[in-house]
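Asker: Below is one structure. I have some questions about it.
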Amino acid sequence: MQEMDAAELAPQVTDEQNSGEDAQLQAILEAIVYVTDEPLTAQQIAAALGQPLDKIKRALDALVAEYAKPEHGLSIREVAGGYKMSTKAEHHEAVRAFVKKLTPPLKLSLAALETLAVIAYKQPVTTPEIMDIRGVQGAGVLKTLLDRKLIAEAGRKDVVGRPITYKTTKEFLVQFGLKDLSELPTLKEFEELGRLELVEEAQPEAAPENPPAADA
Amino acid sequence: MQEMDAAELAPQVTDEQNSGEDAQLQAILEAIVYVTDEPLTAQQIAAALGQPLDKIKRALDALVAEYAKPEHGLSIREVAGGYKMSTKAEHHEAVRAFVKKLTPPLKLSLAALETLAVIAYKQPVTTPEIMDIRGVQGAGVLKTLLDRKLIAEAGRKDVVGRPITYKTTKEFLVQFGLKDLSELPTLKEFEELGRLELVEEAQPEAAPENPPAADA
Amino acid sequence: MSSPLNFHLEQYDGPLDLLLDLIRKQQINIYDIPIARITQQYLDYMQKAAQMDIELSAEFVYMAATLIHIKSRMLLPRDPELDKISPEEDPRTELVNRLLEYERFRNAAEMLQQKRVVEEAVWSNPQIAQFRAEDDDPGLAVTLFDLVKTFQNVLERAKHRPVYEIDTEEVSVPDMIRYLRNVFQNESAAVSARDLFERQRSRRAMICLFLALLELVKLQALGLTQKDLFGEIGLKRLKGFEAVFAGGETMAAIEQGYN
Chain A
38 MQEMDAAELA PQVTDEQNSG EDAQLQAILE AIVYVTDEPL TAQQIAAALG
88 QPLDKIKRAL DALVAEYAKP EHGLSIREVA GGYKMSTKAE HHEAVRAFVK
138 KLTPPLKLSL AALETLAVIA YKQPVTTPEI MDIRGVQGAG VLKTLLDRKL
188 IAEAGRKDVV GRPITYKTTK EFLVQFGLKD LSELPTLKEF EELGRLELVE
238 EAQPEAAPEN PPAADA
Chain B
38 MQEMDAAELA PQVTDEQNSG EDAQLQAILE AIVYVTDEPL TAQQIAAALG
88 QPLDKIKRAL DALVAEYAKP EHGLSIREVA GGYKMSTKAE HHEAVRAFVK
138 KLTPPLKLSL AALETLAVIA YKQPVTTPEI MDIRGVQGAG VLKTLLDRKL
188 IAEAGRKDVV GRPITYKTTK EFLVQFGLKD LSELPTLKEF EELGRLELVE
238 EAQPEAAPEN PPAADA
Chain C
554 MSSPLNFHLE QYDGPLDLLL DLIRKQQINI YDIPIARITQ QYLDYMQKAA
604 QMDIELSAEF VYMAATLIHI KSRMLLPRDP ELDKISPEED PRTELVNRLL
654 EYERFRNAAE MLQQKRVVEE AVWSNPQIAQ FRAEDDDPGL AVTLFDLVKT
704 FQNVLERAKH RPVYEIDTEE VSVPDMIRYL RNVFQNESAA VSARDLFERQ
754 RSRRAMICLF LALLELVKLQ ALGLTQKDLF GEIGLKRLKG FEAVFAGGET
804 MAAIEQGYN
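Here it is in structure tokens:
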């Protein structure tokens, strides 16, 4: 791996044809080990690539040695008789801490999404009303939505039992990139999309087989 | 990165404290880019690691350059404003055989791609505007594009009827391997017919031999 | 008259698509379109499509009218004197501009397609799952579009759900049994009995619900659960649930009994 600067200047072509080939094989092995989740044996790889086993083994060893260097945060190890890529254990803490800090996209279960959708379009709305529309019992997801500050209580409704009503919050607008609630697409607009879709689909790619008898 | 052999013998401790630190940072970045599923921006990484942005940027650049070398079958590319690791396209034949979780290809009709192109270049853009350019009624493909999260609603336009506008998403950049929208060629570059005339001014108008409407 | 020749006739996305193809294939100068010839070819295409029962959208017809209009304008002589004062714009200009505009986007679409070809030849294998906290909700990433789509789905489902008017006087025990069947069909977890009763809007409905519950508990379709003494009473689907509703007999018998 010493002549790499030269190789960089003229990729794929090195003075020594051999080392170019080696680099090529090593590159393929790197990609293969990367994409497979289960450890691959040298035999499997050799068979799939149609290459002699000892050549593959040598290249894999070189790959293992390369990734063992400290400037690599990944390692390729022999596990269960095969080769597998993973992050190095010494960086696990750093990676874990990093992943934790990532703000994940707004993710909701289907039940929560349904409830949120009903509240968004019907607010202010009570729990029985939500369950009625969804046709499902159990309002457990309300807590999830309240916890995530996507919905809030909006006073009580003046009917028997004075049930609490719910509305969406400012955080809801932020999460969905809305200036205000009037920006919510209306059902009519949504149905428009669906209707136009049918028009498009009704126009098949090939000529229709069975046209209505045109000129009788 | 020249003293790596020494470093290998005594990992984590190099003569030059500095380059050891660099190697350490680079290793962590490599592990992070390997692990994350969405392209992360240098800003996000810098913030999460509590490191100065320019230092992170330099290290990421070094990482990108390292993986660009031909002996690597993986590449780290700038996509959607962030960094993303993947296999290199030139090894696709060898790699394909080892990919288990083959995600179904994103099949888009030419109509859908056309609509996507209009949105990419004209965003934020309304349905009537899209249909106008394409000269076709029916924005049905919009639903497909929304379903695949390639486009998103982008607020309403302040004209009569307050129509919804659309924009492309980060997912669009990821799916099409674009660093950002500015990486798209200018529209002018797509003009063929106009340019054709400048070159072939003297082109005689040949008799209309075979218009595409073939013989019935 | 489904003709085997059908697929020889190219399909076009729209009139601009067709016009662009005619112009390109014949290497016509876009700035000097022989409008009579192109109009004729365009109409020929429409005619053939009609013969083959390929339905062309209204835009094709509209464009045909536009072409004929341009053609007639070009045939009419202009007063040369008037032209000196206010030279008339070439009647083709607007069409040419639309075609050029459309062409740009069509080529842009092809560029996007090529980019996809490259992206489909590379693979990523992120390992983030190993580093995510286990309590992370795997949920769905949600967009505004998902929100309206979901609401539409919910309403759609409600529309197809048999509706039992529970706030009218007519509600009966069999109605309530059907209602409960509906509730528990997709719900394997325990449901609060209080919630169920609170949803009823009339005394009669509550009584019918109560009788219906007794009936289903007796038939071992539903079971009662209570975590602790004086705790909330829950209702849960039992193994017998499917069997009770499987045939029509049970329901028929109940209907009989209450009518």
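Quick mapping for you: the protein sequence lines, in order, are chains A, B and C. Using this note's numbering, the first residue of the first sequence is number 38, and each one after it goes up by one. Using this note's numbering, the first residue of the second sequence is number 38, and each one after it goes up by one. Using this note's numbering, the first residue of the third sequence is number 554, and each one after it goes up by one. Idealized CB from N, CA, C, for every residue including glycine.
At what residues does the beta strand (DSSP E) containing B/R193 begin and finish?
Answerer: I188 to R193
Asker: Helix, strand or coil, according to DSSP, for C/Y565 in the structure here?
Answerer: coil
Asker: Please decide whether C/I586 counts as near chain B, where near means a Cβ-Cβ distance under 8 Å.
Answerer: no
Asker: What separation, rounded to the nearest whole angstrom, lies between the Cα atoms of C/D643 and C/D585?
Answerer: 10 Å
Asker: If we call anything under 8 Å between Cβ atoms a contact, is C/R685 one with A/V132?
Answerer: no
Asker: Counting only C-beta atoms, is A/A84 closer than 8 Å to chain B at any point?
Answerer: no
Asker: If you draw a straight line from the alpha carbon of A/L145 to that of A/P222, how long is it in whole angstroms?
Answerer: In a straight line, the C-alpha of A/L145 is about 20 Å away from that of A/P222.
Asker: Excluding sequence positions up to five away, which residues of its chain have a Cβ less than 7 Å from the Cβ of A/A149?
Answerer: V178, T181 and L182
Asker: Helix, strand or coil: which one does DSSP assign to C/T696?
Answerer: coil
Asker: Got a sec? Which residues, its chain only, sit under 8 Å from C/R659 by beta carbon, not counting five neighbours each side?
Answerer: D570 and L573
Asker: Sorted by chain position, which residues of the same chain lie with C-beta nearer than 8 Å to C/L791's C-beta, five sequence neighbours on each side aside?
Answerer: Q773, A774, L775 and G776
Asker: Quick test of the definition: if touching needs 3 or more C-beta pairs under 8 Å, does the region 112-125 of chain B touch the region 206-223 of chain B?
Answerer: yes
Asker: What does a CB cutoff of less than 8 Å around C/F798 pick up in its chain, not counting 5 residues either side in sequence?
Answerer: The beta carbon of C/F798 sits closer than 8 Å to those of R734, A774 and M804, all from its chain and outside the five residues before and after it, given in chain order.
Asker: C/H713: buried (16+ other C-beta within 10 angstroms of its C-beta) or exposed?
Answerer: exposed
Asker: According to the neighbour-count rule (16 or more other Cβ atoms, all chains shown, within 10 Å of its Cβ), is B/L97 buried or exposed?
Answerer: buried
Asker: Thinking C-beta only, is A/K186 closer than 8 Å to A/E220?
Answerer: no
Asker: Leaving out the 5 sequence neighbours to the left and right, which residues in its chain are closer than 7 Å to B/T196 when beta-carbon positions are compared?
Answerer: The sequence given here has Val at residue 196 of chain B, not Thr. Excluding sequence neighbours, B/V196 sits near nothing in its chain.
Asker: Does the CB of A/L179 have a neighbour CB from chain B at under 8 Å?
Answerer: no
Asker: Whose Cβ in chain A lies nearer than 8 Å to the Cβ of B/F135?
Answerer: I69, V72, T73, L77 and A85
Asker: Along the region 145-157 of chain A, where does the CB come closer than 8 Å to a CB of chain C? Name the residues.
Answerer: L145, S146, L147, A149, L150, E151, L153, A154, V155 and A157
Asker: Can you tell me whether DSSP reads C/I607 as helix, strand or coil?
Answerer: Collapsing the DSSP output to three states places C/I607 in coil.
Asker: When you compare the CB positions of A/M122 and A/V173, do they come within less than 8 Å of one another, or not?
Answerer: no
Asker: Would you list, in chain order, the members of the region 198-216 of chain A that have their beta-carbon closer than 9 Å to a beta-carbon of chain C?
Answerer: G198, P200, Q212, F213, G214 and L215
Asker: Name the DSSP bridge partner or partners of C/K789?
Answerer: DSSP lists C/G776 as partners of C/K789.
Asker: Would you say B/A126 reaches chain C, if we count a Cβ-Cβ gap shorter than 8 Å as a contact?
Answerer: Closer than 8 Å to some Cβ of chain C, the Cβ of B/A126 qualifies, so yes.
Asker: For the beta strand (DSSP E) that B/I201 lies in, which residues bound it at each end?
Answerer: B/I201 -> beta strand (DSSP E) spans I201 to T205.
Asker: Alpha helix (DSSP H) containing B/G177: first to last residue?
Answerer: G177 to D184
Asker: If you measure from the beta carbon of A/K92 to each beta carbon in chain B, is any gap under 8 Å?
Answerer: Chain B contact via Cβ: absent.
Asker: Residues in its own chain within less than 8 Å of C/I807 by CB, not counting five upstream and five downstream?
Answerer: V726, P727, I730 and E768
Asker: Going by the beta-carbon positions, is the gap between C/L700 and A/A85 smaller than 8 Å?
Answerer: no
Asker: Residues in the region 632-665 of chain C with C-beta within 8 Å of chain B's C-beta atoms, listed in sequence order?
Answerer: R651, L652, L653, E654, Y655, E656, R657, F658, R659, N660, A661, A662, E663, M664 and L665
Asker: List, in chain order, every chain C residue whose beta-carbon is nearer than 8 Å to that of A/Q80.
Answerer: By Cβ distance, chain C contributes nothing, its closest Cβ being about 22 Å from A/Q80, past 8 Å.
Asker: Have a look at C/Q683, C/L635, C/V724 and C/D566 and flag the residue whose alpha-carbon is nearest the alpha-carbon of C/L762.
Answerer: Among C/Q683, C/L635, C/V724 and C/D566, the Cα nearest to that of C/L762 is on C/V724.
Asker: Drop a sphere of 10 angstroms on the beta-carbon of C/V614, count the other beta-carbons inside from all chains shown, and report buried for 16 or more, exposed for fewer.
Answerer: exposed
Asker: State the start and end residues of the unbroken alpha helix (DSSP H) segment that holds A/L147.
Answerer: L147 to K159
Asker: Which same chain residues, not among the five before or five after C/D632, have their C-beta less than 6 Å away from its C-beta?
Answerer: none
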